[in-house]
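Student: Numbering (the working numbering), first residue to last: 19 to 325. Positions of the beta carbon are idealized from the N, C-alpha and C atoms, including for glycine. Please read all numbers here as calculations on a predicted model, not as lab measurements.
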Ligand SMILES: Nc1ncnc2c1ncn2[C@@H]1O[C@H](COP(=O)(O)OP(=O)(O)OP(=O)(O)O)[C@@H](O)[C@H]1O
Ligand SMILES: [Mg+2]
């Protein structure tokens, strides 16, 4: 059984989730949920490593299938479960399993079904999923298809996404929820940026500027005027673009200005101002002013480049 195989790996490895830095509580919860063969939903804001974590789980059972479903309002029950193909039905008979084209759930049998943004799919689909998870049974049109399915279900959802459907209580009751957060401190986030961001070989970036980049992103996350906060992708983006700005100018070492010049392009669409501010100021101006106010060159140098 798939879960037995995973159980062995989880018990053998002390820290199986090496792609995720920090998040010790999350790792512990995932381990414990998987050990007891429970379905999980990883909950958190965009860009905090949900997909990375799910892929890391898949890596632990090499050779196993990792089927990904992207939750969206137009995802259909047929996409998920499968459908009766009328041509095949005429050939093999309408009740024959040969007439059935398998959907994602069947493809994930003996593997992992990774359901990204579960709360973006319609209620009808949630109900179909419920039946599969609970009873190992699917109803497609007027057919009842029974099957034994052995899969690990990992969903993700972003509770703050306003374009989403609320997951029904009955569906939620079938899962354990695991909450992921932004990196717990600046050092871990710097490490993530260095590990996951692209390093431009031709230019150097010193540790103090990297600190400045991550410091500014973390400052924005604490800003009460923002309803959408910049993710780890924003830290990675600012790191990459600062190096690129340096390269464009033909220089060898990233400067304060290279970072400053990347701020608007990397950040203004990654934040959303609260309505009370939004009508007074554009996000571009807000980010620019915030950077100028909070991390002026003088302040930066005054503190010896160590914010
Ligand atoms: N704790 C972490 N450890 C390692 N990498 C991280 C961590 N947090 C974020 N990242 C990195 O941030 C980037 C975004 O991560 P990922 O795509 O997994 O986020 P997500 O939560 O699935 O986002 P979305 O909700 O937008 O799909 C990746 O490069 C990932 O490696
Ligand atoms: Mg993701």
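Between 270, 25 and 72, which has its C-alpha nearest residue 134's C-alpha?
Tutor: Of the candidates 270, 25 and 72, the one whose C-alpha sits nearest the C-alpha of residue 134 is 72.
Student: Is any non-hydrogen atom of ligand 2 found closer than 7 Å to the C-beta of residue 36, if you look at the structure I gave you?
Tutor: Result no, Cβ not under 7 Å from ligand 2.
Student: What did DSSP end up calling residue 255 once you bin it into helix, strand or coil?
Tutor: DSSP places residue 255 in helix when its eight states are reduced to three.
Student: Of all the options 48, 70 and 185, which has the alpha carbon lying nearest to the alpha carbon of residue 251?
Tutor: Minimum Cα distance to residue 251 is reached at 70.
Student: The beta strand (DSSP E) that contains residue 134, what's its start and end?
Tutor: Segment 129-134, the beta strand (DSSP E) holding residue 134.
Student: How is residue 24 classed by DSSP in three states: helix, strand or coil?
Tutor: It is helical.
Student: For residue 170, which of 245, 128, 112 and 35 has the nearest alpha-carbon?
Tutor: Among 245, 128, 112 and 35, the Cα nearest to that of residue 170 is on 128.
Student: Considering only the alpha carbon of each residue, which of 187, 23 and 58 lies closest to residue 193?
Tutor: Measuring from the Cα of residue 193, the nearest candidate turns out to be 58.
Student: Tell me which residues share the same chain as residue 265 and place their Cβ nearer than 8 Å to its Cβ, disregarding the 5 neighbours each side in the sequence.
Tutor: Excluding sequence neighbours, residue 265 sits near 218, 220 and 221.
Student: Report whether the distance from the Cβ of residue 68 to the nearest heavy atom of ligand 2 is below 7 Å.
Tutor: Yes, the beta carbon of residue 68 sits closer than 7 Å to at least one heavy atom of ligand 2.
Student: By the DSSP assignment, the alpha helix (DSSP H) with residue 149 in it spans what residues?
Tutor: 141-153 is the extent of the alpha helix (DSSP H) around residue 149.
Student: Closest to residue 20 by C-alpha separation, out of 168, 258 and 281, would be which residue?
Tutor: The candidate whose alpha carbon is nearest that of residue 20 is 168.
Student: If I follow the unbroken alpha helix (DSSP H) through residue 43, where does it start and stop?
Tutor: Taken as a continuous stretch (DSSP letters only), the alpha helix (DSSP H) holding residue 43 covers 42-53.
Student: On the three-state DSSP scale, how would you describe residue 88?
Tutor: Strand.
Student: Per DSSP, what kind of secondary structure is residue 29 in: helix, strand or coil?
Tutor: Residue state, collapsed to three classes: helix.
Student: In whole angstroms, what separates the C-alpha of residue 146 from that of residue 204?
Tutor: Computed Cα separation, rounded: 43 Å.
Student: Does the beta-carbon distance from residue 277 to residue 256 come in below 8 Å?
Tutor: Cβ distance < 8 Å, so residue 277 and residue 256 count as in contact.
Student: Taking residue 172 as the reference, which of 208, 126, 216 and 184 has the closest Cα?
Tutor: Out of 208, 126, 216 and 184, 126 has the C-alpha closest to the C-alpha of residue 172.
Student: Quick check: residue 253 and residue 209, are their CB atoms within less than 8 Å of each other?
Tutor: Contact: no.
Student: Return the residue from the list 271, 242, 275 and 272 that minimises the CA-CA distance to residue 290.
Tutor: The candidate whose alpha carbon is nearest that of residue 290 is 242.
Student: Which residue comes first and which comes last in the alpha helix (DSSP H) that contains residue 212?
Tutor: Per DSSP, residue 212 belongs to the alpha helix (DSSP H) from 204-214.
Student: When you compare each of 102, 143, 76 and 77 to residue 91 by their alpha carbons, which one comes out closest?
Tutor: The shortest C-alpha separation from residue 91 is found at 143.
Student: Near residue 260, which residues of its chain fall below 6 Å by C-beta distance, leaving aside the five closest residues on each side in sequence?
Tutor: Excluding positions up to five away in sequence, the list reads 272, 276, 277 and 280.
Student: In its own chain, which residues sit with a C-beta less than 8 Å from the C-beta of residue 324, not counting the 5 before and 5 after it?
Tutor: The predicted position of residue 324 is uncertain, since its pLDDT is 44 and thus under 50; no value can be drawn from it.
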